[in-house]
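Chemist: Sharing a structure, written as structure tokens. Questions coming.
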Amino acid sequence: MSETTGLRDRARRAMRAEVAVVAFDLFARRGFDHTTVDDIARAAGMSRTSFFRYFPTKEDVVLGHLDELGGLIADTVGARPSGEDPWLSLQAGFLAAYEGSGAPSSPLRALSLGRMLAETPSLKARQVEKQARWQELLIPEVSTRLGLADDPSDPRPRALVAAALGCLDAAFQAWATTDGGVGMPAFIDRAMDVVAARR
Numbered sequence: 347m348s349e350t351t352g353l354r355d356r357a358r359r360a361m362r363a364e365v366a367v368v369a370f371d372l373f374a375r376r377g378f379d380h381t382t383v384d385d386i387a388r389a390a391g392m393s394r395t396s397f398f399r400y401f402p403t404k405e406d407v408v409l410g411h412l413d414e415l416g417g418l419i420a421d422t423v424g425a426r427p428s429g430e431d432p433w434l435s436l437q438a439g440f441l442a443a444y445e446g447s448g449a450p451s452s453p454l455r456a457l458s459l460g461r462m463l464a465e466t467p468s469l470k471a472r473q474v475e476k477q478a479r480w481q482e483l484l485i486p487e488v489s490t491r492l493g494l495a496d497d498p499s500d501p502r503p504r505a506l507v508a509a510a511l512g513c514l515d516a517a518f519q520a521w522a523t524t525d526g527g528v529g530m531p532a533f534i535d536r537a538m539d540v541v542a543a544r545r
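Letter by letter, the sequence shown follows residues 347 to 545 of this note's numbering.
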């Protein structure tokens, strides 16, 4: 990557982050459904066209970071010891994603996101789409760990990843109903431990 490309990417990420902060402020005051793309663009000092250069949809202002987190989870799972139980590797990936999400430094924003997801069907639908991409990133790694890399017809890797993502979703939903006094990692551990105990 050239220095110019790196600078451009950093500037793009910074602008996306700035617009997201503006949007979250509007969502907190007006609600997601009562805030338009035009409202966000105007508050961010940009045109509607410029907004769409940074975000394909209004939902992506809230959930755009999930694409990067999916890659972080997959990278973390891939870097875990090869003999480790895939369930534990996935759990480590989710904990790394939480740390990498910025949520530990701004738990109120993360809680706000959880509440928005619970209240906004279009956001929840977009989250499901993005987590489906996570599943496709994680299945090959879990397949390899289970010794099933050459057997795409075996449902176990897909089932294991789907169950783990279900635990992550349950943990996030439960955490979003709290005041954030207990950190999200404890909820991830609780949700995944209850399923692990029944495997």
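Even for Gly, the Cβ is constructed at its ideal location relative to N, Cα and C.
Taking all protein chains shown into account, do 16 or more other C-beta atoms lie within 10 angstroms of the C-beta of H411, making it buried, or fewer, making it exposed?
Modeler: On the sequence shown, position 65 is the one that residue 411 refers to. Under this definition H411 is a buried residue.
Chemist: Whose CA, out of A369, A390 and W433, lies closest to the CA of T381?
Modeler: For the purposes of this step, residue 381 is taken as residue 35 along the sequence shown, with counting starting at 1. Comparing Cα-Cα distances from T381 to each of A369, A390 and W433, the minimum goes to A369.
Chemist: Taking Cβ positions only, does Q477 come closer than 8 Å to chain C?
Modeler: Among the protein chains of the structure shown there is no chain C, as only one such chain exists.
Chemist: Count the other CB atoms, across all protein chains shown, that sit within 10 Å of the CB of E487; report buried if there are 16 or more and exposed otherwise.
Modeler: Residue mapping note: residue 487 aligns to position 141 of the sequence shown, counting from 1. It is buried - the Cβ of E487 has at least 16 other Cβ atoms within 10 Å.
Chemist: Once you ignore the five residues that flank V408 on each side, which residues in its own chain have a CB closer than 7 Å to its CB?
Modeler: The sequence position of residue 408 within the sequence shown is 62, counting from 1. The answer, listed in chain order, is L459, M462 and L469.
Chemist: Kindly indicate which three-state DSSP category R544 falls into: helix, strand or coil?
Modeler: Residue mapping note: residue 544 aligns to position 198 of the sequence shown, counting from 1. Coil, per DSSP.
Chemist: Does the pairing of the stretch 387-396 with the stretch 425-436 give three or more beta-carbon distances under 8 Å?
Modeler: no
Chemist: Can you say whether R426 is buried or exposed, counting buried as having 16 or more other CB atoms within 10 angstroms of its CB?
Modeler: The residue labelled residue 426 in the question sits at position 80 within the sequence shown. Counting Cβ neighbours within 10 Å, R426 comes out buried, since at least 16 surround it.
Chemist: Identify the continuous alpha helix (DSSP H) that holds V407 and give its terminal residues.
Modeler: Taking the sequence shown and counting its residues from 1, the one referred to as residue 407 is at position 61. Taken as a continuous stretch (DSSP letters only), the alpha helix (DSSP H) holding V407 covers K404 to L409.
Chemist: Quick one: Cα of L372 to Cα of R358, how far?
Modeler: Locating residue 372 in the sequence shown gives position 26, where the first residue counts as 1. Locating residue 358 in the sequence shown gives position 12, where the first residue counts as 1. In a straight line, the C-alpha of L372 is about 21 Å away from that of R358.
Chemist: From A537 to G529, what distance separates their C-alpha atoms?
Modeler: As a working mapping, residue 537 is identified with position 191 in the sequence shown. As a working mapping, residue 529 is identified with position 183 in the sequence shown. Straight-line spacing of the CA atoms in A537 and G529 works out to 13 Å.
Chemist: Since I believe P503 is in contact with I485 (beta carbons under 8 Å), could you give me their beta-carbon distance rounded to a whole number of angstroms?
Modeler: Here residue 485 refers to the residue found at position 139 when the sequence shown is read from its first residue. Here residue 503 refers to the residue found at position 157 when the sequence shown is read from its first residue. With a Cβ gap of about 5 Å, I485 and P503 count as contacting.
Chemist: Per DSSP, what kind of secondary structure is V507 in: helix, strand or coil?
Modeler: For the purposes of this step, residue 507 is taken as the residue at position 161 of the sequence shown. DSSP, reduced to helix, strand and coil, places V507 within a helical segment of the structure shown.
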